[in-house]
Ligand SMILES: Cc1cc2nc3c(=O)[nH]c(=O)nc-3n(C[C@H](O)[C@H](O)[C@H](O)COP(=O)(O)OP(=O)(O)OC[C@H]3O[C@@H](n4cnc5c(N)ncnc54)[C@H](O)[C@@H]3O)c2cc1C
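In the numbering used here, the protein residues as written are 80 to 562.
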């Protein structure tokens, strides 16, 4: 059954080991680097638990993202649920609980893929999905090996144990050691699944493991990046980074014990890869993130309209056209979601499940990674210097001497200073702050690096059909007509 926000927050007080800026964080629900974002996530849980949105977000008391879709209509309902949560953070919380929930539903659609000659993880895969759905748990995932040396495989790095690997088998489970590069929102999650989404080399057998453990597991450490929430002056001054900083952390396993029932893949290079790509797990990730991306673009375009209206430039033909281009991009982002649903595919051997269409889902990553930086540039161009020439904080507006000065000079026809400063501070948080820079990098890389997904599109996209069409044109004539 769904949890309330309060129940979710209580679950985070589990002694988890999170490090930030040279200090161990005691409680993420009260720490100034995490507490507002934890409250934002709690609000998502409240929306699902008991609000006007509950019927859209849940079915039978379970969040819709956990359901294995069986039809086109199921995909649509799941997307409607994704959209409600995406709008709650204006698209700035990327790895909300529904993201990996969709991944777990993907595993549950094809548990047989977890059975190998080395180990049978099918029961653990189903148990993972059941545990998350029944407990309404927040799953994060760390699937990328630390960069260290990208020219060497996981087992050929300059030292052992740089990348998570199995170091021992013990009664009832395994012991793992090493790191994974990036756990977005792991600090706010109940469990983290550790695996590898990119192909491992044949020699990386010890690294070919996938398991999910509670974030509070002894020996599991999260080393957080800079907190934008901690740096925020106030919600008025940094409206997004103060509330939606999901954080990204290096995950370190320091001899973590993992019971067998939590091990999905064990010492099997191919299974550690196919669990993401041959089940609908990855397609389900894209469905969630494409919906969120569409929402984020709607939000940014809305900001562009508000800024140009406040600056009284909205009616100028080049500005109107720029807004038209942005709205075209919003429609493009939406079209990818709708088209992926409409081109749904039956999950091969997947017990009646369906998944969003692969070709369009994969292409969405290319579109979004390229479009996001362009959209930011276009909106910055429309905004001009106003987003920089702002009082250092809202305190200036409240100051008896300074307030009237700011109100006089930072305004526009029909937009009083307080509204204008509020709008432009929101815009800069979204477009140009350090938080915004992280989001640009996120949209470019969270689904993998371009050299990976472009190559994948070339291998698995509709190249043969395109080639055949061009060839059919060539086949329709020859030298016969030459005079
Ligand atoms: C903000 C953010 C949040 C993220 N959150 C998560 C998360 O929650 N969970 C998770 O598992 N991952 C997460 N990721 C990691 C993401 O999956 C990786 O960034 C992505 O897989 C790319 O890997 P990389 O960053 O190590 O880049 P690399 O693989 O190191 O690539 C970086 C660049 O190096 C070059 N390059 C490297 N190798 C090659 C090659 N073989 N051929 C050609 N060029 C090459 C390319 O120019 C490439 O663009 C996140 C990333 C970001 C930026």
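Ideal Cβ placement from N, Cα and C applies to all residues, glycine included.
#1: Could you tell me the alpha carbon to alpha carbon distance between residue 495 and residue 463, rounded to whole angstroms?
#2: Nearest by alpha-carbon distance to residue 277: which of 535, 546 and 547 is it?
#3: Does the beta carbon of residue 220 fall short of 7 Å from some heavy atom of ligand 1?
#4: By the three-class DSSP mapping on this structure, what secondary structure does residue 137 have?
#5: Can you tell me where the beta strand (DSSP E) holding residue 333 begins and where it ends?
#6: Assuming the contact rule is C-beta atoms closer than 8 Å, residue 318 and residue 505 should be a hit. Round their C-beta distance to whole Å, please.
#7: Would you tell me roughly how many angstroms separate the C-alpha atoms of residue 86 and residue 330, rounded to the nearest one?
#8: How about residue 343 and residue 203: are their beta carbons less than 8 Å apart?
#9: Could you give the distance in angstroms between the alpha-carbon of residue 252 and the alpha-carbon of residue 436?
#10: Report yes if the C-beta distance between residue 139 and residue 81 is below 8 Å; otherwise report no.
#11: Determine the direct distance from the alpha carbon of residue 478 to that of residue 484, and round the result to whole angstroms.
#12: Could you tell me which of 405, 426, 266 and 107 sits nearest to residue 328, measuring between CA atoms?
#13: In or out: residue 543 buried (at least 16 other Cβ within 10 Å) or exposed?
#14: On the criterion of 16 or more Cβ atoms from any shown chain inside 10 Å, does residue 556 qualify as buried, or is it exposed?
#15: For a test of your reading of the model: does the CB of residue 263 fall under 7 Å from any non-hydrogen atom of ligand 1? Yes or no.
#16: On a CA-only basis, which of 185, 421 and 285 is nearest residue 232? Give me that one, please.
#17: Give me, in chain order, the residues of the same chain whose beta-carbon lies closer than 6 Å to that of residue 371; leave out the 5 immediate sequence neighbours on both sides.
#18: Taking 7 Å as the cut-off, is the beta-carbon of residue 226 closer than that to any non-hydrogen atom of ligand 1?
#19: Check each candidate in 501, 402 and 91 and name the one with the smallest Cα separation from residue 270.
#20: Between which residues of its own chain and residue 337 is the CB-CB distance below 7 Å, once the five residues before and five after are set aside?
#21: Counting only runs of 3+ residues fully inside the segment 191 to 223, write out the beta strand (DSSP E) ranges in chain order.
#22: Is it right to say residue 47 is buried, meaning 16 or more other beta carbons lie within 10 angstroms of its own, or is it exposed?
#23: Residue 384 lies in the alpha helix (DSSP H); which residues open and close that run?
#24: Would you grab the beta carbon distance between residue 465 and residue 503 for me? Rounded to a whole angstrom, and I think it's under 8 Å.
#25: Quick one: using the 10 Å Cβ neighbour count with 16 as the cut-off for buried, is residue 150 buried or exposed?
#26: Of all the options 156, 199 and 122, which has the alpha carbon lying nearest to the alpha carbon of residue 137?
#27: When the Cα atoms are used, what is the spatial distance from residue 402 to residue 541?
#28: For residue 241, which residues of its own chain have a beta-carbon under 7 Å away from its beta-carbon, when the five flanking residues on both sides are left out?
Well, looking at it:
#1: 18 Å
#2: 535
#3: yes
#4: strand
#5: 327 to 338
#6: 5 Å
#7: 25 Å
#8: yes
#9: 37 Å
#10: no
#11: 10 Å
#12: 266
#13: exposed
#14: exposed
#15: yes
#16: 285
#17: 165 and 170
#18: yes
#19: 91
#20: 252, 253, 255, 290 and 292
#21: 218 to 221
#22: Nothing about residue 47 can be reported from this structure: the residues present for the chain run from 80 to 562 only.
#23: 360 to 389
#24: 5 Å
#25: exposed
#26: 156
#27: 32 Å
#28: 225, 227, 257 and 258
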